[in-house]
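Have a look at the structure below, then the notes.
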Amino acid sequence: MGLFVLRRLGVMLLTAIALTFVVFYLTNLQPNLEKLARTEGSVRMTEEAVQDWIAQNGHSGSVFMRYGQWLGVVPGWTYTDEKGQMRGRCFEIGQDAAAAPNYCGLLQGNWGYSTFFKTPVMDSLGEKLAATGWLMLAVMLVMVPTSLLLGVLSGMREGSATDRTLSTFSIASTATPEYVSGVVLVALFATAATGLSPILAEYGLIEPKKTLFLASATSAMDDITFWNFALPVMTIALYGIGYIARMTRASMTEVMTQQYIRTARLKGVPFQTVVMRHALRNALIAPFTVIMLQFPWLLNGVVIVESLFNYKGFGWTLVQAASNNDIPLLLACSVVAVVVVLLTQLISDIGYVFLNPRIRLA
Amino acid sequence: MTAVAPDTAWDPSQPILEIEHLSISFFTRLREIPAVMDFSCTVMAGEAMGLVGESGCGKSTVALGVMRELGKNGRIVAGSIKFKGRDLAKMSDEELRHIRGSEIAMIYQEPMASLNPAMKVGAQLAEVPMLHSGMSKDAAWKLAREIVADVRLPDPDRIINAYPHQLSGGQQQRIVIAMALMAKPALLILDEPTTALDVTVEAGIVDLVKELGKKYGTSMLFISHNLGLVMDVCDRICVMYSGEAVETGNVVEVFDEMRHPYTQALFRSIPLPGADKNARPLISIPGNFPLPHERPPGCNFGPRCDYFQKGRCDAAEVPMYPVPVGDRHATRCFRWEEIDWNAPPAKREVKQKAEIGRVVLKMEDLRKYYSVSGGAFGGGAKKVVKANETLSFEAREGETLAIVGESGCGKSTFAKVLMGLETATSGSIMLFDENVQSTPIQKRNTDTVSQVQMVFQNPFDTLNPSMNVGRQIIRALEIFKHGKSDEERHLRMLELLDLVKLPRAFAERMPRQLSGGQKQRVGIARAFAGGAKVVVADEPVSALDVSVQAAVTDLLMDIQRENKTTLLFISHDLSIVRYLSDRVMVMYLGHVVEMGTTDQVFAPPYHPYTEALLSAVPIADTKVIRKRIVLEGDIPSAMNPPPGCPFQTRCRWKSQVPGNLCETEVPPVQVLEGGHQVKCHLSREVLAQMEPVIKVAAE
Chain A
579 MGLFVLRRLG
589 VMLLTAIALT
599 FVVFYLTNLQ
609 PNLEKLARTE
619 GSVRMTEEAV
629 QDWIAQNGHS
639 GSVFMRYGQW
649 LGVVPGWTYT
659 DEKGQMRGRC
669 FEIGQDAAAA
679 PNYCGLLQGN
689 WGYSTFFKTP
699 VMDSLGEKLA
709 ATGWLMLAVM
719 LVMVPTSLLL
729 GVLSGMREGS
739 ATDRTLSTFS
749 IASTATPEYV
759 SGVVLVALFA
769 TAATGLSPIL
779 AEYGLIEPKK
789 TLFLASATSA
799 MDDITFWNFA
809 LPVMTIALYG
819 IGYIARMTRA
829 SMTEVMTQQY
839 IRTARLKGVP
849 FQTVVMRHAL
859 RNALIAPFTV
869 IMLQFPWLLN
879 GVVIVESLFN
889 YKGFGWTLVQ
899 AASNNDIPLL
909 LACSVVAVVV
919 VLLTQLISDI
929 GYVFLNPRIR
939 LA
Chain B
8 MTAVAPDTAW
18 DPSQPILEIE
28 HLSISFFTRL
38 REIPAVMDFS
48 CTVMAGEAMG
58 LVGESGCGKS
68 TVALGVMREL
78 GKNGRIVAGS
88 IKFKGRDLAK
98 MSDEELRHIR
108 GSEIAMIYQE
118 PMASLNPAMK
128 VGAQLAEVPM
138 LHSGMSKDAA
148 WKLAREIVAD
158 VRLPDPDRII
168 NAYPHQLSGG
178 QQQRIVIAMA
188 LMAKPALLIL
198 DEPTTALDVT
208 VEAGIVDLVK
218 ELGKKYGTSM
228 LFISHNLGLV
238 MDVCDRICVM
248 YSGEAVETGN
258 VVEVFDEMRH
268 PYTQALFRSI
278 PLPGADKNAR
288 PLISIPGNFP
298 LPHERPPGCN
308 FGPRCDYFQK
318 GRCDAAEVPM
328 YPVPVGDRHA
338 TRCFRWEEID
348 WNAPPAKREV
358 KQKAEIGRVV
368 LKMEDLRKYY
378 SVSGGAFGGG
388 AKKVVKANET
398 LSFEAREGET
408 LAIVGESGCG
418 KSTFAKVLMG
428 LETATSGSIM
438 LFDENVQSTP
448 IQKRNTDTVS
458 QVQMVFQNPF
468 DTLNPSMNVG
478 RQIIRALEIF
488 KHGKSDEERH
498 LRMLELLDLV
508 KLPRAFAERM
518 PRQLSGGQKQ
528 RVGIARAFAG
538 GAKVVVADEP
548 VSALDVSVQA
558 AVTDLLMDIQ
568 RENKTTLLFI
578 SHDLSIVRYL
588 SDRVMVMYLG
598 HVVEMGTTDQ
608 VFAPPYHPYT
618 EALLSAVPIA
628 DTKVIRKRIV
638 LEGDIPSAMN
648 PPPGCPFQTR
658 CRWKSQVPGN
668 LCETEVPPVQ
678 VLEGGHQVKC
688 HLSREVLAQM
698 EPVIKVAAE
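For the protein sequence lines, the chains are A and B, in the order given.
Sequence positions in the first sequence follow this note's numbering and run 579 to 940.
Sequence positions in the second sequence follow this note's numbering and run 8 to 706.
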């Protein structure tokens with residue numbers, strides 16, 4: 579087991595390096611750097627001035643060397659201008675170049691300086707990730723139990739009325755994209771003009787607030803309440819619930835037709851126990867992968883929902899970084915995404931072993 | 008031991024199970040499909056009742072009906088199933104649940120599929136007493152351990168903590184049996200309990216079932232298609248055909264004095280190892296099994312019956328007639344009193360055996376090793392699986408060479424190497440003076456490929472389900488570059504259908520519209536499409552019903568006679584091997600342990616493994632006396648074979664060999680008289696003293 583995890587971590591590291599290099603290469607393409615020069619310097623720079631700016635700010639040279647610098651395995655760039663003033667990756671203008679470290683990249687904890695937020699990437703990203711973390715946690719807590727319950731309930735008696743009702747719900751919910759369900763939910767629950775809120779307000783049920791839920795989650799950044807957090811969570815969870823419930827149902831119906839389920843029934847095991855003790859564990863093997871795949875998906879999914887509800891988390895940051903050509907921030911986002919994807923897949927592989935005794939890891 | 012006492016007082020002299028006029032139907036959107044009609048039988052305390060018939064005859068439906076486990080569509084439409092005097096058909100689900108597992112238990116066909124893969128064996132066993140007698144968990148696990156030891160599994164402490172996939176097929180079946188015995192049931196239903204197992208393993212399981220039945224006084228309902236097995240285990244038998252019981256009675260009576268034409272036809276269609284193939288040729292039952300919604304009026308067996316009388320047999324439903332002299336013997340035949348049951352079967356034309364010609368296939372010192380890694384993710388030490396070890400033989404034109412052995416003996420690997428699906432590790436395969444051992448099938452030329460063809464074990468999976476039969480045969484012809492135009496190939500395809508005795512109209516049919524036997528005929532037509540000279544038949548009839556087996560076997564032999572084909576017949580069924588092969592090769596763990604003509608192999612001196620194999624085959628003949636040699640343990644893993652002789656771990660003759668020769672050296676091949684080869688350390692004197700396993704008692 580230990581050896582397996584080690585080996586997988588090694589593979590993960592290689593994958594992470596390969597993937598971040600791809601992102602690095604794409605964000606550091608020449609036109610992109612020219613655009614950066616014009617936004618950072620001046621819009622009216624001449625062609626030569628742009629090239630000079632690129633060279634003077636450490637963006638010239640081989641892409642591998644620059645990637646190495648960003649990673650922190652190649653010494654950071656330095657540049658001495660005509661006035662004899664030194665600039666470099668690892669120190670601010672005016673600082674003593676000699677006292678600064680040679681290497682300053684990811685490995686040294688230097689994730690770069692966000693050109694958009696004007697703060698070190700580490701600081702802004704950390705805060706945003708925490709915000710998204712809370713959102714994801716809330717979504718998972720709602721989504722996983724609900725969807726498993728729905729899936730098991732509809733899968734244990736295939737074709738029954740329960741199955742059909744729940745299946746209709748799952749299909750409808752997973753067929754509705756977040757930007758649709760988000761808007762619908764806001765219209766239904768979070769405006770003072772339409773939906774449920776005016777009716778409830780009339781009866782005085784939701785005093786002193788005007789609406790049942792809040793359509794903006796900005797205040798949840800400081801203080802999460804049911805009032806301001808329910809809608810973004812529901813919007814993401816609804817889609818996932820349908821999806822996981824369908825997977826669980828498929829897996830459950832298949833397990834229920836297995837001969838060992840018949841064996842259990844003919845042993846005289848009550849139906850409830852058959853489902854709980856004999857079917858459930860076997861039926862969870864397939865949805866488990868799907869659930870673990872939800873983490874990376876959530877990281878993408880939050881882009882839309884965070885923008886919709888103005889919740890300043892990872893997804894919102896990603897959108898800002900991309901639209902403002904903030905290369906260090908984009909790179910940092912990609913590192914986070916890659917690590918999350920790989921870690922969840924590792925966890926899912928290990929979890930497999932506990933669910934399915936037939937699988938043995940080296 | 009807290010066995011649940013029956014709720015109502017029940018007189019042990021009364022039958023345990025009494026099924027009366029039971030009818031079970033399955034309901035689809037289109038129609039009601041009657042699966043079982045007017046079925047009656049009684050099982051007394053301690054009695055073993057055998058239920059035999061071909062697939063689709065309703066024998067499993069009866070068993071599941073007793074358990075009231077018919078699925079959503081199945082329903083008991085008439086009749087009663089009385090268990091200890093109480094009607095199961097009218098019980099509530101809750102009452103039923105208390106009977107299931109505690110008073111009636113079931114043993115299933117596929118042990119692997121019947122055990123929960125994600126639960127430890129012990130937990131699955133312990134569940135039964137915890138559920139039915141409220142036993143504590145510790146006590147239940149202790150009982151589980153006892154019962155596991157009772158079914159003669161080695162190292163019960165390890166086994167109860169194992170998961171099902173960690174056990175071999177035979178061990179799994181013993182666990183299923185143990186599970187059934189946990190609550191000491193009064194009635195045990197066994198649904199083809201050994202069909203998925205090897206014969207030597209089967210012999211062990213059958214012995215166990217018989218012994219436990221005696222020990223616990225359990226009644227048994229034993230479902231099987233294997234008549235020999237039923238004779239071994241059961242006291243009474245009930246023969247089913249197309250949803251009806253056609254004959255029932257004492258096993259010996261039914262076997263020796265059958266009073267129903269179907270029973271007679273069934274017996275005539277199975278090969279018996281004790282009988283001579285010329286004196287007692289196989290006779291297949293003409294026609295096909297009727298589909299449940301296409302049953303003929305009157306007697307269901309009428310259209311296939313030799314004694315059919317128009318206007319009488321198809322006039323009205325036939326009731327069961329008691330046969331007066333017998334012991335509760337009854338038959339569902341109008342004419343049972345008129346038929347001369349002792350008349351010999353109609354003479355068949357004696358077919359001349361094709362002349363055996365020159366050598367077409369020669370294997371020398373063939374080896375096939377696979378290397379597998381130890382760990383599941385590619386790590387660990389490399390291990391070598393020796394699937395075939397020094398295989399040498401020749402096969403001649405027009406000859407049938409049978410290759411016999413249990414699963415894992417390397418017979419399928421051998422077929423793959425010959426076909427070119429795998430290449431040999433060393434040695435040579437000469438096909439018509441051409442060396443093909445290292446040419447994979449992609450690189451073989453069309454000629455070679457069309458000359459060596461294969462008939463597969465499972466006709467259900469080997470036909471493309473979305474292509475009609477004619478198209479599939481034409482496709483083979485195209486690949487073999489046969490014929491110049493489409494018309495020519497079409498004509499040839501029709502000829503091939505004639506060759507395998509299928510109506511030409513079948514060319515337009517889809518595989519799902521064919522029965523198993525018909526599908527296998529299509530498979531044979533495809534194999535012979537390119538004029539194959541060597542045909543490897545990998546268990547071609549083992550997936551088919553007995554009455555169809557005979558017809559398909561005969562077909563293969565007819566084609567062989569006409570085309571002078573060399574047939575390599577891979578099988579584990581010694582009865583059929585004895586019936587059709589000229590020479591036999593017995594394999595064990597990749598080694599050829601014995602080879603010779605059919606007569607040499609089936610008569611002493613035997614290789615000790617052949618002897619055990621022969622003794623394990625159940626024979627449906629009351630006049631045959633056979634020696635029981637039950638092999639202990641399982642076949643060793645090919646990954647980790649024993650040192651020395653591969654069979655030494657299970658051999659009963661080992662003590663006759665001086666020293667520890669068996670453990671240390673692979674035995675040499677001894678050539679006995681007539682070219683009979685035996686790979687054994689036993690001296691010629693000991694070999695000569697061996698007694699025949701199968702003896703026909705004097706009449």
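Quick reminder that beta carbons are idealized off the backbone N, C-alpha and C, glycines included.
None of the values given here were measured: they were computed from a predicted structure.
- [ ] Could you work out which residues of chain B lie near P848(A), taking near to mean beta carbons separated by less than 7 Å?
- [x] R104
TODO: Would you mind working out which of G108(B), E117(B), A193(B) sits nearest S140(B), comparing C-alpha positions?
DONE: G108(B)
Open item on the list: Does any residue of chain B have a CB that is nearer than 9 Å to the CB of L844(A)?
Closed with: yes
Open item on the list: Please classify S143(B) as buried or exposed, where buried requires at least 16 other C-beta atoms within 10 Å of its C-beta.
Closed with: exposed
- [ ] Kindly list, in the order they appear in chain A, the residues whose Cβ is closer than 8 Å to that of R107(B).
- [x] R843, L844, K845, G846
Open item on the list: Does chain B have any CB closer than 9 Å to the CB of L933(A)?
Closed with: yes
TODO: Output yes or no for whether 9 Å exceeds the beta carbon distance between G893(A) and S901(A).
DONE: no
Open item on the list: So, with DSSP's three-state summary, where would you put L809(A)?
Closed with: helix
Open item on the list: According to DSSP, is A190(B) part of a helix, a strand, or is it coil?
Closed with: coil
TODO: Compare the C-beta of R855(A) against all C-beta atoms of chain B and say whether one is closer than 9 Å.
DONE: yes
TODO: Could you confirm whether any beta carbon from chain A is found closer than 9 Å to the beta carbon of A120(B)?
DONE: yes
TODO: Please state whether DSSP places Q677(B) in a helix, a strand or coil.
DONE: strand
Open item on the list: For L597(A) and L614(A), what's the separation of their Cα atoms in angstroms?
Closed with: 23 Å
TODO: Establish whether the CB of L591(A) and some CB of chain B are separated by less than 9 Å.
DONE: no
- [ ] Whole angstroms is fine: what's the gap from S473(B)'s alpha carbon to P518(B)'s?
- [x] 8 Å
- [ ] Could you tell me which chain B residues have their CB closer than 7 Å to the CB of Q837(A), listed as they occur along the chain?
- [x] Y115, E117, A120, S121
Open item on the list: Under DSSP, the alpha helix (DSSP H) around F866(A) begins and ends at which residues?
Closed with: 863-886
- [ ] Pull out every residue of the segment 217-228 of chain B whose Cβ sits closer than 9 Å to any Cβ of chain A, in chain order.
- [x] none
- [ ] Drop a sphere of 10 angstroms on the beta-carbon of T9(B), count the other beta-carbons inside from all chains shown, and report buried for 16 or more, exposed for fewer.
- [x] Here T9(B) scores only 39 on pLDDT, less than 50, and its place in the model should not be relied on; the value that follows carries that caveat. Exposed.
TODO: Taking only the alpha-carbon atoms, compute the straight-line gap between E153(B) and R165(B) and give it to the nearest angstrom.
DONE: 13 Å
Task: Closest residue to Q520(B) among E670(B), K491(B), A539(B), L470(B) (Cα-Cα distance) - done: L470(B)
Task: Completely contained beta strand (DSSP E) runs for the segment 618-682 of chain A, where each covers 3 or more residues - done: 656-658, 664-666
Task: T338(B), enclosing beta strand (DSSP E) - first and last residue - done: 336-338
Open item on the list: Strictly below 8 Å CB to CB, what residues from chain A border M74(B)?
Closed with: L844
Task: Contact list for N860(A) against chain B, beta-carbon separation under 8 Å - done: N123, P124, A125
Open item on the list: At the level of alpha carbons, what is the spacing between D728(B) and V59(B)?
Closed with: Residue 728(B) lies beyond the stretch modelled for chain B, which goes from 8 to 706, so this question has no answer here.
Task: Neighbourhood of L766(A) by C-beta, 7 Å cutoff - its chain only, sequence neighbours within 5 removed - done: G773, L774
Open item on the list: Let's test the definition: count the other Cβ atoms within 10 Å of the Cβ of Q460(B) and tell me whether it reaches 16, buried, or not, exposed.
Closed with: buried
Open item on the list: Could you tell me which whole alpha helix (DSSP H) segments of length 4 or greater appear in the segment 87-170 of chain B?
Closed with: 100-106, 118-121, 128-139, 144-157, 163-167
- [ ] Mind checking which residues open and close the beta strand (DSSP E) that includes T255(B)?
- [x] 251-257
- [ ] Find the residues of chain A that neighbour V135(B), judging by a C-beta separation of less than 8 Å, and give them in chain order.
- [x] K845, G846
Task: Segment contact, 8 Å Cβ cut-off, at least three pairs: the segment 484-500 of chain B with the segment 542-552 of chain B - done: no
Open item on the list: On the DSSP letters alone, give me the boundaries of the beta strand (DSSP E) that R496(B) sits inside.
Closed with: Looking at the DSSP string, R496(B) is not in any beta strand (DSSP E); the run it does join, the alpha helix (DSSP H), is 493-506.
Open item on the list: Taking only three categories from DSSP, how would you classify C306(B)?
Closed with: coil
TODO: From the DSSP output, in three-state form, read off T9(B) for me.
DONE: Low confidence applies to T9(B): its pLDDT is 39, below 50, so where it sits in the model is not reliable enough to give any reading.
Open item on the list: Can you confirm whether R936(A), when its beta carbon is compared against all beta carbons of chain B, has any partner nearer than 9 Å?
Closed with: yes
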